[in-house]
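Data first, discussion second: the structure below is written as structure tokens.
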Ligand SMILES: NC(=O)c1ccc[n+]([C@@H]2O[C@H](COP(=O)([O-])OP(=O)(O)OC[C@H]3O[C@@H](n4cnc5c(N)ncnc54)[C@H](O)[C@@H]3O)[C@@H](O)[C@H]2O)c1
Ligand SMILES: [Zn+2]
Ligand SMILES: [Zn+2]
């Protein structure tokens, strides 16, 4: 990727997330151009930055809370191998790629970038203590190639959600896992006959979304 | 199991569906012993709450016996008798810790739908549309209850099911409705709607020190129950009655200190503006009919508090916000923060301060649900509260208490 739109400096994010006194609001990167979508999500999570950093840094545990991650293998030196797809659909599409953690500041920030040819995504997550004592302000920014097809955007290739919504749901699930110990789900619950429109709207019903289990050992 | 399903506007069917299973580690499965139809269910029946889908299992007022618990459930065990609050809360987020349980951050799997419509998502509810989580409801033989250590309250006395069932929603809702209007000892309180929520609001207002309570409705049997609770009643269908004037006269020209809208989005009115609302609502230009809010804005005293337990879902039209502003009123509203009220209100029942069964008019079997949804929506004579026994198909004589419809 030619231009770097993702702020790599946690202090820049801090000024937006916490509205430092006497500064003007500057929007976080959120745009779609040149075939890339940059999206962000922000949540205040009731835990300290170090705990959240440690959970996020444990890449092999991502299938516990992120949708459409089948497995992750830590390869050492910040490199990991990712298999994306619907974990509940054994014969479903799988997209594999390697990811490299590039900026890693314990307790503060993790930045990563895909290093497999054809898959283009990068991201950064920052952990800033909330000044009001409500925990940690977690900001996730991701830039990815769209339309993905089987290459380019590995998540969009297998998920039903749009690229912006994926970022929002990923961070939401992280928060749910940390705070509630599980990710709310109605997947597979009973219901009466859905009729014709019901099946069309299954994305909205949430009953067919593969919800990750969300148990966190640290809790 | 058998379950009452929403199949479309004004279409309710009982279907055989699969039994619920544990999905998450903090879930419990409840074998339901009693469940009820709520005024809120009418909004679903009439199709005014968006994101209902054919096949959705209805019901958010239920109790029963714990059948099975998930691996992380510590406080409940198989065999416990419990009442389930209709709001689903995680117990650990900022909102739960602040006792704002119906605003829990972590219970709605479809939070993104609510965010599109409301900016942020409240907690999930049982059996109340996909925007509120899409959880299968409790007008069924079994239900899955998430966060089982957080919500359900154990009943460890020999009170009947019907004595404690309304802890699941309407008693706490009426109570919070009264609490939200900041009653000081001796205050005059006006309550619109003498349905179950309004009746509990009247009783609760007195518990909280109200001087006089004025109750407004048009159905004689409901007004009679309101009088049994101690209220002075006003029949708004009486041609000689103008509500704002009645409340002014009854409060020495001041207006009620506290007003409670226990009617919500489907307020009835025969006036022209009411007809206008009905037409607009039918044409989907307006989602809610704010007739009671309009009256309350005019009737309330200067600096008074308006509490709104009645449900609103969307866009309101022709609301005199200037009246609310000009008189500097306070407003409080929202889904009930159920978890705050379960223990204290259970105690009020145990201490015999209130017997919640007084409003039950009908007891039915599950196969009678479609027929009684219709009767309930039409406010057929004598229907004040319907309890369902999901293990009986039909109860031959459903009338529990005869509530006659002739003016007193
Ligand atoms: N906030 C919550 O968490 C919560 C919980 C439960 C119920 N509710 C809501 O509370 C409301 C009442 O519930 P309910 O079970 O008592 O319902 P209900 O339908 O049995 O009662 C409503 C009553 O309002 C009366 N009414 C209609 N138009 C009126 C008007 N213009 N003036 C005065 N009275 C009028 C009706 O005649 C009826 O008796 C509903 O909107 C319901 O959705 C809210
Ligand atoms: Zn209810
Ligand atoms: Zn919560």
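Residue numbers (our numbering), protein chains in the order written: chain A, 5 to 223; chain B, 3 to 410.
Ideal placement from N, C-alpha and C gives every residue a C-beta, glycine not left out.
Per the C-alpha coordinates, the member of B/351, B/303, B/270 and B/283 positioned closest to residue 294 of chain B is B/270. Taking the Cα positions, residue 181 of chain A is about 5 Å away from residue 218 of chain A.
According to the DSSP secondary-structure assignment, residue 125 of chain A is paired through a beta bridge with A/148. Distance between residue 41 of chain A and residue 98 of chain B, taken at the CA atoms: about 35 Å. Taking the C-beta atoms as reference points, residue 78 of chain B is found no nearer than 8 Å to residue 85 of chain B. If you compare the alpha carbons of B/279, B/399 and B/31 with that of residue 69 of chain B, the shortest gap goes to B/31. As the crow flies, the alpha-carbon of residue 133 of chain A is around 10 Å from that of residue 49 of chain A. Contact check for residue 106 of chain A and residue 85 of chain A: beta-carbon distance about 16 Å, past the 8 Å limit, so the pair fails to qualify. With 16 or more other CB atoms across the displayed protein chains lying within 10 angstroms of its CB, residue 148 of chain B is buried. In the three-state reduction of the DSSP assignment, residue 64 of chain B falls in the strand class. Secondary structure of residue 47 of chain A (DSSP, three-state): strand. Screening all residues for a C-beta within a distance smaller than 5 Å of any heavy atom in ligand 2 leaves B/40, B/42 and B/171, in chain order. For residue 79 of chain A and residue 104 of chain B, the gap between their C-alpha atoms comes out near 44 Å. Between residue 264 of chain B and residue 300 of chain B, the C-beta spacing is not below 8 Å. The closest CA to that of residue 401 of chain B, considering only B/385, B/391, B/63 and B/394, is found on B/385.
Between residue 185 of chain A and residue 74 of chain B the beta-carbon gap is near 7 Å, inside 8 Å, which marks them as a contact. For residue 35 of chain B against residue 66 of chain B, the beta-carbon gap comes to about 5 Å, under 8 Å, which counts as contact. Pairing residue 302 of chain B with residue 262 of chain B gives a Cβ-Cβ distance that is not under 8 Å.
By a beta-carbon distance limit of 8 Å, residue 182 of chain B does not contact residue 56 of chain B. Their separation comes to about 35 Å. Membership of residue 41 of chain B in the alpha helix (DSSP H) is indicated by the continuous run 41 to 47. With its beta carbon at least 8 Å from every one in chain B, residue 124 of chain A lies outside the interface. A direct Cα-Cα distance of roughly 17 Å separates residue 368 of chain B from residue 47 of chain B. Boundaries of the beta strand (DSSP E) around residue 85 of chain A: 83 to 88. At a cut-off of 8 Å between beta-carbon atoms, residue 116 of chain B makes no contact with chain A. Residues of chain A whose Cβ lies closer than 7 Å to the Cβ of residue 156 of chain B do not exist, since the nearest Cβ in that chain is about 21 Å away. Look at residue 55 of chain B: its C-beta is under 8 Å from a C-beta on chain A. A Cβ of chain A is located within less than 8 Å of the beta carbon of residue 96 of chain B. Identification of chain B residues near residue 215 of chain A by a Cβ-Cβ cut-off of 9 Å yields 25, 26 and 111, ordered along the chain. Judged by DSSP in its simplified three-state form, residue 159 of chain B adopts coil rather than helix or strand. Counted as a single uninterrupted DSSP element, the stretch harbouring residue 15 of chain B is not any alpha helix (DSSP H) but the beta strand (DSSP E) occupying residues 13 to 18. In the assembly as shown, residue 29 of chain A is an exposed residue. Its beta-carbon has fewer than 16 other beta-carbons within 10 Å. DSSP places residue 174 of chain A in the helix class (H, G or I) of the three-state scheme. When DSSP states are grouped into helix, strand and coil, residue 182 of chain A belongs to the helix group. With a cutoff of 8 Å on beta-carbon distance, residue 305 of chain B and residue 329 of chain B are scored as near each other. Nearest in C-alpha terms to residue 215 of chain B, of all of B/187, B/344 and B/124, is B/187.
Annotation for residue 359 of chain B: no alpha helix (DSSP H) segment contains it, and DSSP assigns it neither H nor E.
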